[in-house]
Each structure stands twice: as structure tokens, then as C-alpha cells.
Amino acid sequence: MVFSETALLFKLKNMSYTRVAITEAATSILDKLKAKHGDLIFHQSGGCCDGSSPMVFEEGEMYLDESDILLGQLDGINYYMNQDQFSYWKHTHLTVDVTEGRGASFSLEIPMGVRFIIRSRLLTPEENTELNN
Amino acid sequence: MDYKKPKFKEKYENFIGGKFVPPVGNEYFENNSPIDNTLIAKYPRSQKEDIDNAVIAANKAKEAWGNTSAAERAGLLNKVADIIEANLEEFALVETCDNGKPIRESLNADIPLSVDHWRYFASAIRAEESTMSELDIHTVSLNLKEPLGVIGQIIPWNFPLLMLSWKLPPALATGNCVILKPAEQTPSTATLLMEKIADVFPPGVVNILHGFGPEAGKPLASHSGIDKVAFTGETTTGQLIMQYASKNLNPVTMELGGKSPNIFFNSVMDADDAFLDKAIEGAVLFAFNQGEVCTCPSRLLVQEDIYDAFMARVIERTEAIIQDNPYDVNTMVGAQASNDQYEKILSYLHIGKEEGAKVLTGGAACHLDGDLANGFYIQPTILEGHNKMRVFQEEIFGPVVAVTKFKDEAEALEIANDTLYGLGAGVWSRDAHQLYQIPRAIKAGRVWVNCYHAYPAHAPFGGYKKSGFGRETHLMMMNHYRQTKNMLISYDKNKLGFF
Chain A
1 MVFSETALLF KLKNMSYTRV AITEAATSIL DKLKAKHGDL IFHQSGGCCD
51 GSSPMVFEEG EMYLDESDIL LGQLDGINYY MNQDQFSYWK HTHLTVDVTE
101 GRGASFSLEI PMGVRFIIRS RLLTPEENTE LNN
Chain B
1001 MDYKKPKFKE KYENFIGGKF VPPVGNEYFE NNSPIDNTLI AKYPRSQKED
1051 IDNAVIAANK AKEAWGNTSA AERAGLLNKV ADIIEANLEE FALVETCDNG
1101 KPIRESLNAD IPLSVDHWRY FASAIRAEES TMSELDIHTV SLNLKEPLGV
1151 IGQIIPWNFP LLMLSWKLPP ALATGNCVIL KPAEQTPSTA TLLMEKIADV
1201 FPPGVVNILH GFGPEAGKPL ASHSGIDKVA FTGETTTGQL IMQYASKNLN
1251 PVTMELGGKS PNIFFNSVMD ADDAFLDKAI EGAVLFAFNQ GEVCTCPSRL
1301 LVQEDIYDAF MARVIERTEA IIQDNPYDVN TMVGAQASND QYEKILSYLH
1351 IGKEEGAKVL TGGAACHLDG DLANGFYIQP TILEGHNKMR VFQEEIFGPV
1401 VAVTKFKDEA EALEIANDTL YGLGAGVWSR DAHQLYQIPR AIKAGRVWVN
1451 CYHAYPAHAP FGGYKKSGFG RETHLMMMNH YRQTKNMLIS YDKNKLGFF
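Quick mapping for you: the protein sequence lines, in order, are chains A and B. Residues in the first sequence are numbered consecutively from 1, following this note's numbering. Residues in the second sequence are numbered consecutively from 1001, following this note's numbering.
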């Protein structure tokens, strides 16, 4: 993790609101993946087929740089989104959930027959003021 | 005539080195039909060792295959086309069962188009010539195209046999061996094809492996024994594949989806005629293939002075869509390909409504009776809103269109280009100037002008911006699978005089 991210995470942890959350069901899948694969990250995908879904990879698998925005940490796992995509998503709060299904992609939960999905809601005015200003 | 679920074997195998072989780990996964969520069959859960075996088989075959004549390769491609065509109904039925699309689409679009792509590349490789230049009186430059060698191909589940038929023929026509991984949701028609064409190509030329992305897709995409990866899918996987390719300094081609605008100018309503009827159908094409198309016209842009009248017709036509059993030939919209897609689409309907989009029609799951109650059906949905909403910016991959109005050409273009993607677009007008100027100003690889969702071989298809790069369904794809060997020949008998 680069220094600026450490600082950002510190800042995020001291905010009253979060951009991302995770359901219990998704956390239990994530815990199994952590036990099997070690440190992980989430990256929000866009585009067709299995896009518009969160992907979970081993940390270090995906090349990340300053164009990837760190939205927060879920169950100790960093959640990233490309900055271009973030500009269209930043007014919404995201909750990672899990559903049964045979998703494609390289996301690590696929062999378990489940797929992480995003459930979204609008940020409240208070959340929006703190997070986007 | 109506159809029913076809019969399958209990399990299927990978096709490696000209033979059906079980996966090394002897593990299989269950593949269900999204029509009623019942089991189709078990398919190999391949791992790196299986990919390794396919890479060995393909590398063993590549020299001899690369040296075959264009006539011989074209002959084999035509043979495959004939075999698919002779079994069109069987392929269509299996495709519908595996993907959930209505049988009338697989019978009339997926399978016949697949046949044509094989034939197109069989012809293209025969008609093609290399180039040469006489650089000066003694020096000739000769350009020869040589195959890259072994190609890895990863294809999606929305048009399983058609995507295979976009990818395999240009790679094979140019003398490459291929290792192809179908999507894990839709392994069936690729397997059926290999059963039918098992003896057509020399062993190792075509290899089909099934399995999950992290277990089989990644080892294929990152393998040092392949020479190129062609991928259709989404952006994050696209980035990962490019990363792996960079380690091997391999070329890649990427088709990564879009959020395509479909623009209707006011002149479409100048007359209530056949063209207006066509335009209304063009707007309703968002529901084609349940919206599971990279180029789904999922943003509908309508000029404000015709908005109400035009949308009334579009809503009426959308509500006339027959959504029912995909095996029924009258059904127009079938099942989404999997439960996770179904859930994702519903989550978008939710955020769309939260953001203030107005539901003009649909807006919910579609509950069908009997066996279909367990399938994954979504009502064709029209959401009205503005271009900054997430339903206007993200690929929902469902039968959902987001509609907004525009004032003039400038605003239409501003909205059309305000997207991360640039795969497809549609422009509808009776104004000859608009029909040229607007498509030129749209940043997308394919602009349909007074039509939409046509995918003929011989017209290049590919993306701008985050939709990827490379051009398929056209002979220019052949160069994405080849090197250029430049032979620089001197006919001068005299030395340079340097040494």
C-alpha cells in the first residue's frame, strides 16, 4: 500500500460516513476467500457481460495507481474504482452483497457458485456534504 | 412449431489435441439453464494443468498448420460452416437452452450469422494478397503475413456460438492454433460444435477448455506459451489480461462493452410511414437478446419536439413484446442468462428509481408460471431521466433503456459522447446532412445509421475509448492474428563499399 493510501484510509476511518458497506452474507464469503487466498482487494468493474460488478482479487494481482480511487475498506479489504467511473458513481452509496449465480470473470468467488453484487442507494445530503466536498 | 429442452449427456469433456479428454483434476461443474434453472450437464472444471496440456498440443500443431495453404484452411472453414448449417436447428435449440434467449433469435440470428462468419473468413483468406514495393531499381520490399502461433480466446455468454464464430475463423484462417475458453454460463454450443467437427482440423489446431475465470481463464491469459489473447468481456478483466500480456509482451485485442446512444431526430416523425415504423422498432431493440448485448442501445435520446408523440409509440411497441417461454417461437424476450445477472439488473432498477428516474413501462421482474417460475425474467423497461444518472452510465446488460430528450444537434452529441464507452451508436433521421455529420462526431466504433443491431460479416466492429480496441467481423481482424514478415531483397551485385 502506498503512503498516500495509508493517509487516505486514516482520513476515511475518521469520517462519520462511508461510501461502501458490506452485508453479513458477503462478509462470510469474503472470510472464506481470505482464508484461502490471503490478502485481497475489491475492484469495481464496468462494461459488458459481467461488468458493473465488484471483482475480488489477491492483493498485488491488479496494477493500481493514482487513477484508482480508494472508496473505503470492507472487512479489512480495500475497495477501489477507476476515477473515470467514480465521477459517475460518487453520489451513491454502495453495499457489497452476494447472490447465487454462475458469474464469469476472474473474481475469486466464482468457483464457489456465488457472485458479489452491488446494491446502491443515493447518499444522503449529510453524507454527500462530508464525502464529496 | 414449438420446441422443448433438448437431451444432454450427463457430462462433457474438454477438447484438447483432437480428442475429448477429462480434466486433469477430474472435477466438473454443473451448468443450469436460465429458462427454468434446471441442470443441463456437467462440464470440466479445468485448472492450469489442463491449460498447460492445451498449450503443448497447440504448439505441437502450429508449425504444420501455419504452413498449410490458404486453400486448404479455407476449405476446412467452409466445411465447419456447412456442418453448422446442416445442424442449425440443433445448435439453435441448445443455444436457447443454455443462454435463455428466445428460439426465434437463435434460429434466425445467432446460428445463421455464425455460419456466415466462417464462410466470410474462408473467402477473405483466399482473396487476400500481400504487398510488395520496388524501393529502387535493385531493391524490393516484400511483405508476407505470418501467423502469430497460438492464440488464447476468452468469450462471453451472451451469444455463445456467435462469439466463438467471430473469434475462431479469423485466427484459423490466418494459420494460428487456438485455445478457446467459453464462458462458464454457456459451455454447450462450443462443445456441440467440437462433437460435430472433431475430425475437421488436425489435432491441436482447435482446443476448447471449460472452467472458471480465476482457475482456467487466468492461466490461459497469462500463459507464456501463447502468442496473443483476444478477449470479450468487461473492463477490469480486460485490464488484468492486458497486464498478463505485458509480461509476455504479447498483443491483445479487447471488446469491453458500452453504453450506446440511440438518437432520434425530429424528422423521423415527418410522416407516419414505413420508416417511422422502422424507427420505433429501432428504439425498442434495447430489448433484443434481453438487452444482453455489448452494443445494447441502452440510452435513448429523442429530440424534444417529438418526444411525447414518439415515446408514446415506443412504449406501446415495448408493451406489445411477448415475454414467455423461450422455446416458443412467438416469444420475443426470454430469460436473463443467470441469476447474478438477474439480481444485478434488479439492483439497477432500484438505484434508477432512487435517483429519480421515472418508470415509463416495466420496472420489475417478470414472473412466469409453471416450470418457468424458477427462471430469470425481467420485464422490458423504459426509464426516463438524465444522462448523469447511473442507469445512463453503466452497462446494465438487461432489457432496460434509459431515455432522455435533447434540444438540438449540439446537445444530442454532448449527451451521446458523455460516456466512458464508445462501442455502438444509432442515428435516425430523414435529413441527409445529419445522417453523415452526426455519426462522424460520435466517438464510437460502430454507428448504425437508420438501422440498429445489424452484425454482418464484412463490416468492422470494435470500440473507441474504454470499449476496447481491435476490429472484428472484418478481414482487418486477420492482421490482429498475424505478424508481418518483411523480406528486403537486394538485386544489386555490387558491394556497399563500406568495408
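The beta-carbon is built from N, C-alpha and C at its ideal position, and this holds for glycine as well.
query	result
Chain-ordered chain A contacts of residue 1397/B [CB-CB under 7 Å]	48, 49
Minimum Cβ-Cβ distance from residue 1237/B to chain A less than 8 Å	yes
Residue 1363/B versus residue 1319/B - alpha carbon distance	12 Å
Same chain, Cβ closer than 6 Å to residue 1405/B, five either side skipped, listed in chain order	1302, 1304, 1307
Chain A residues whose Cβ lies nearer than 7 Å to that of residue 1355/B	122
Reference residue 1354/B, options 1389/B, 1330/B, 1360/B, closest by Cα	1389/B
Closest Cα partner of residue 126/A within the set 92/A, 96/A, 114/A	92/A
Of the listed residues 1387/B, 1146/B, 1348/B, 1049/B, nearest to residue 1480/B (C-alpha basis)	1146/B
Chain-order list of residues whose beta-carbon lies under 6 Å from that of residue 1060/B (same chain, five-residue window excluded)	1204
For residue 43/A, the residue or residues it bridges with in DSSP	55/A, 80/A
Beta-carbon neighbours of residue 53/A, restricted to chain B and to distances below 7 Å	1344
Beta-bridge partners of residue 97/A, as assigned by DSSP	117/A
Complete alpha helix (DSSP H) runs within the stretch 1117-1174 of chain B (minimum length 4 residues, chain order)	1160-1173
Beta-carbon proximity check, residue 1383/B vs residue 1377/B, cutoff 8 Å	no
N-terminal and C-terminal residue of the beta strand (DSSP E) that residue 1484/B is part of	1482-1490
Cβ contact check for the stretch 1085-1095 of chain B and the stretch 1176-1183 of chain B: 3 or more pairs under 8 Å	no
CB contact check: residue 115/A to chain B, cutoff 8 Å	yes
Interface residues of chain A facing residue 1065/B [CB-CB closer than 9 Å]	Those do not exist, as residue 1065/B stays about 29 Å from chain A at its closest Cβ, beyond 9 Å.
Min CB distance residue 19/A to chain B below 8 Å	no
CB contact check: residue 41/A to chain B, cutoff 8 Å	no
Inter-residue Cα distance where the pair is residue 976/B and residue 1035/B	Lying before the first or after the last residue shown, residue 976/B is absent from chain B, which here runs from 1001 to 1499.
Alpha carbon of residue 1296/B to alpha carbon of residue 1419/B, nearest angstrom	14 Å
Neighbourhood of residue 1435/B by C-beta, 8 Å cutoff - its chain only, sequence neighbours within 5 removed	1427, 1429, 1449, 1450
Inter-stretch contact at 8 Å, needing at least 3 Cβ pairs: the stretch 71-83 of chain A / the stretch 3-21 of chain A	yes
Whole-number beta carbon distance between residue 1252/B and residue 1218/B, since they are thought to touch under 8 Å	Contact doesn't hold; Cβ gap of about 14 Å is too wide.
Distance between residue 1292/B and residue 1211/B (C-alpha atoms, nearest Å)	21 Å
Min CB distance residue 1464/B to chain A below 8 Å	no
8 Å Cβ shell around residue 87/A - same chain, five flanking residues per side excluded	none
DSSP beta-bridge partners of residue 1041/B	1031/B
The stretch 1002-1018 of chain B touching the stretch 1184-1203 of chain B, judged by at least three CB pairs closer than 8 Å	yes
Whether residue 1154/B touches residue 1233/B by CB criterion (8 Å)	yes
C-beta contact flag for residue 1269/B and residue 1403/B at 8 Å	no
Chain B contact residues for residue 92/A, given Cβ-Cβ distances below 7 Å	1351, 1390
Within chain A, the residues that residue 1249/B reaches when beta carbons sit closer than 9 Å	By Cβ distance, chain A contributes nothing, its closest Cβ being about 16 Å from residue 1249/B, past 9 Å.
Touching by the beta-carbon criterion (3+ pairs, under 8 Å), the stretch 1096-1111 of chain B and the stretch 1155-1165 of chain B	yes
Residue range of the beta strand (DSSP E) that includes residue 1019/B	1019-1021
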